[in-house]
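Structure record follows, encoded as structure tokens.
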Amino acid sequence: MPCHKFDIFENTFKKIGGAARNYGSRFFVSVCISSLVLLYLYIIYVNDIWAWVAVPHLEPMFLDWHGVLAASDCHDLNYNVYTMNPCDAFDRVHAYGNFWFHIRLFGLTLADTTWSAICLVSFFVLISTYLLDPKSYSEYAISVSLLISPAFLLGLERANSDLLLFLIIVLGVYLVANENRINRSGAVVILYVATLLKIYPLVLVALSVFSGKNIYQSVIIVLVFALALFLYVFGNFQDFQYLMGTVPVPRPGGVTFGGMLLWPVLVALLDFPNFAFSTLRIATVIAFAVVTVVVAYLLRKRIRPCSEYNFKFYLYIAGVLLISFTFVMNSNYDYRCIYFVFILPFVFEHWRSKNETVGAFLYPKSILAMIIYVTWAYFLPAVGFPQLITYMEFGQESAKTIFFSLYFLEYSVTWVLVILLAAIGTLHTVDRLKTIILYRNDKRLKPPLTE
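Structure below.
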């Protein structure tokens, strides 16, 4: 018996040691890749070759983070930063929620822009690399290609506030994936804070469904979340009225991301009739919802249920929700593509399974190819297109047709990609809800596996 006990202890220590070595190796690899990406960014900055990597650079460096701190400083000087913001380098008004003004509590002012932005960018790259967790040469190549793509470099060059939201959401999703009730309650609070910073994380309230002890408790959590958000908006209604008029809505072309961008390109190429923005948004939402449901129905027998509902699963669902919502509801800039990092670990896992009979190997290759294309798509019109025009001596009309054709291809592929991700996410979510309902109402069933 004593020997048996010692064997148990020995096996336990071996497992702990193995886990520590795996964690240490993964962290070391993440640090190495992150260092290379940051070195690449530094070389671009020092040599001022932003145009050659398809990033529209603006001074000062880290302009978006500069804007957040500038708004906080001017707010402390009693300016209404939704109408006037003289602290900003370009006098840009504040375009986010007033919860950002609390950043002053951390002692951050405009004078701290550079060092705090460098910390934000570095930590974002490190966490992104750690989440991607590549295992093969192909996965390393895809991960690095994603991190140095024009879409990602834009977010890093501006130190956009989405980088901070990314980190907050990662923590919230990690707690959602944890079976501990306290952690899951903390996840709801963290995701609520993310929603106060920018409105689009509101869609992550759907993850709260996985936080309840049963389906009724999950509904209560969602209702409490919605009520708390309503009370906050009601108490700050005037600021939100200002905010609705300051949210950027970029036009097609450049480093843009959004479902509504495809139609103006069709108008320019094929003389399609133009519509009001509100009509276009409604049509986009309806078209996206209908096509997603149809694709999900067609794929229902090709996509196998998950064997483990772990952190990667919840991260994938969060990524699908964020990308789909921002894609459908409003056009924005390419740094929204940072949420593809949430998608890739789950897709990599399915790619490794190589089980074509159940459809697990059917979609990873196409998804990975489209993600790389979408994040690099601006490189062609920004770098390759001007060189092509000069070399081929195209006329103005021909150049315009080629230009819009490139954007038509980019936006079309993005539509296909987001719909495919949303359809697969819908199927996995339905399967997960089934296991929750069955397990929580029948104690004889084993609980779903978690990481």
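Counting in this note's numbering, the sequence shown runs from 415 upward without gaps. Even for Gly, the Cβ is constructed at its ideal location relative to N, Cα and C.
- Ranked by Cα distance from L736, the options A555, L782, G839 and T528 are led by G839.
- According to the DSSP secondary-structure assignment, T670 is paired through a beta bridge with Y747.
- Between V832 and S745, the C-beta gap is not smaller than 8 Å, which leaves the two residues out of contact.
- Annotation for E473: no alpha helix (DSSP H) segment contains it, and DSSP assigns it neither H nor E.
- Comparing alpha carbon positions, the residue from E763, S563, P500 and F671 closest to Y454 is S563.
- Counting only residues of its own chain and dropping the five nearest sequence neighbours on each side, T609 has a CB closer than 7 Å to the CB of P615, L616 and L643.
- Unbroken alpha helix (DSSP H) stretches of 4 residues or longer found wholly inside the segment 517-591: 527-546, 551-561, 564-572 and 576-590, given in chain order.
- About 7 Å separates the CB atoms of L618 and I583; that is less than 8 Å, so the two are in contact.
- For the options T543, D685 and H508, the alpha carbon positioned closest to that of F442 is the one of T543.
- Proximity to T828 across A503, Y792, Q652 and F689 peaks at Y792, based on C-alpha coordinates.
- In the DSSP assignment, M784 falls within the alpha helix (DSSP H) that extends over P778 to W790.
- Linking W514 to A484 through their CA atoms gives a straight-line distance of about 11 Å.
- Scanning its chain for C-beta atoms nearer than 8 Å, with the 5 sequence neighbours on each side dropped, one finds around F727 the residues A591, C720, F760, H842 and R846, in chain order.
- The Cβ atoms of S557 and L452 do not sit closer than 8 Å to each other.
- Between I604 and D685, the alpha-carbon positions lie close to 46 Å from each other.
- Bounds of any alpha helix (DSSP H) do not take in R716, whose DSSP letter is neither H nor E.
- A straight line joining the alpha-carbon of Y825 with that of N492 spans about 42 Å.
- Ranked by how close their Cα comes to the Cα of S575, the residues S530, L585 and L561 have S530 in first place.
- In the three-state reduction of the DSSP assignment, F504 falls in the coil class.
- Counting every other CB atom within 10 Å of its CB across the protein chains shown gives E722 a total below 16, marking it as exposed.
- Taking the CA atoms as reference points, N461 sits about 18 Å from L477.
- At a Cβ-Cβ threshold of 8 Å, F756 and L782 do not count as neighbours.
- Secondary structure at V830: helix, using DSSP grouped into helix, strand and coil.
- DSSP, read as helix, strand or coil, puts V704 in helix.
- Secondary structure at L491: coil, using DSSP grouped into helix, strand and coil.
- Contact check for V681 against F639 fails: the beta carbons are separated by 8 Å or more.
- Between V469 and L568, the C-beta spacing is below 8 Å.
- Here L683 has T815, F818, S819 and F822 as same chain residues with Cβ atoms under 8 Å from its own Cβ, once five neighbours each way along the sequence are excluded.
- If you ignore the 5 residues before and after L611, its C-beta comes within less than 8 Å of the C-beta of Y510, G511, F513, W514, S575, L578, L579 and I582, all in its own chain and listed in chain order.
- Using a Cβ distance threshold of 8 Å, C751 and F538 do not count as a contacting pair.
- Going by beta carbons, I517 and V495 fall outside the 8 Å limit.
- Taking the Cα of F671 as reference, the smallest distance to any Cα among I700, S632, T789 and N650 is reached at T789.
- Remark: C-beta atoms of A573 and W464 do not approach each other more closely than 8 Å.
- Here DSSP, grouped into helix, strand and coil, assigns N461 to helix.
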